[in-house]
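Accompanying notes for the structure given below.
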Amino acid sequence: MSMDAFAAQLGVSQPTQSRIERAKRLPDALYLRALHEHFSVDINDLLSGAFESAAPLDPGEQTLLDNYRHSAPADQAALKAASGARAAAAGTKRAKAG
Numbered sequence: 140m141s142m143d144a145f146a147a148q149l150g151v152s153q154p155t156q157s158r159i160e161r162a163k164r165l166p167d168a169l170y171l172r173a174l175h176e177h178f179s180v181d182i183n184d185l186l187s188g189a190f191e192s193a194a195p196l197d198p199g200e201q202t203l204l205d206n207y208r209h210s211a212p213a214d215q216a217a218l219k220a221a222s223g224a225r226a227a228a229a230g231t232k233r234a235k236a237g
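Numbering (our numbering), first residue to last: 140 to 237.
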């Protein structure tokens, strides 16, 4: 993604985006909200600097996540139930998330 496209998604100009990236300007609340909405950035982690180190998603995992995020709420619930049932059957079920 180009800096122009990235800046546009966050509602700022390219020069403003550049200044934010170079720590010459602090992002405002609207910018942080846009980061959260467009890129699922956890604002608390961003502000505290306490990031959980997670392994990057492989392409198949990313596809599953994208499909989930673009599904209706009822379909998301069905996907959660199905994946939980499959993981439980395999003996690898993790704790429920929200």
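Heads up, the beta-carbon is just placed ideally off N, CA and C, and yes, glycines get one too. Quick caveat, the model's predicted, so the values are computed rather than measured.
key: CB contact flag (MET142, GLN153, <7 Å)   = Translated into the one-based positions of the sequence shown, residue 142 becomes position 3. Translated into the one-based positions of the sequence shown, residue 153 becomes position 14. A contact, by the Cβ cut-off of 7 Å.
task = Assuming LEU165 contacts ILE182 (C-beta within less than 8 Å), just tell me the rounded distance between them.
result = Along the sequence shown, one-based indexing puts residue 165 at 26. Along the sequence shown, one-based indexing puts residue 182 at 43. In fact, because the Cβ distance is near 14 Å, the residues do not count as touching under 8 Å.
key: Nearest-angstrom beta carbon gap, LEU204 and ALA173 [assumed within contact, 8 Å]   = Here residue 173 refers to the residue found at position 34 when the sequence shown is read from its first residue. Here residue 204 refers to the residue found at position 65 when the sequence shown is read from its first residue. Under the criterion of beta carbons closer than 8 Å, ALA173 and LEU204 do not qualify as touching, at roughly 20 Å.
Straight-line Cα distance separating ALA227 from LEU186 = For the purposes of this step, residue 186 is identified with residue 47 of the sequence shown, where counting begins at 1. For the purposes of this step, residue 227 is identified with residue 88 of the sequence shown, where counting begins at 1. LEU186 and ALA227 have their C-alpha atoms some 36 Å from each other.
key: Assigned secondary structure, LYS219 (DSSP; H/G/I helix, E/B strand, else coil)   = Looking up residue 219 in the sequence shown gives position 80. Three-state DSSP puts LYS219 in a helix.
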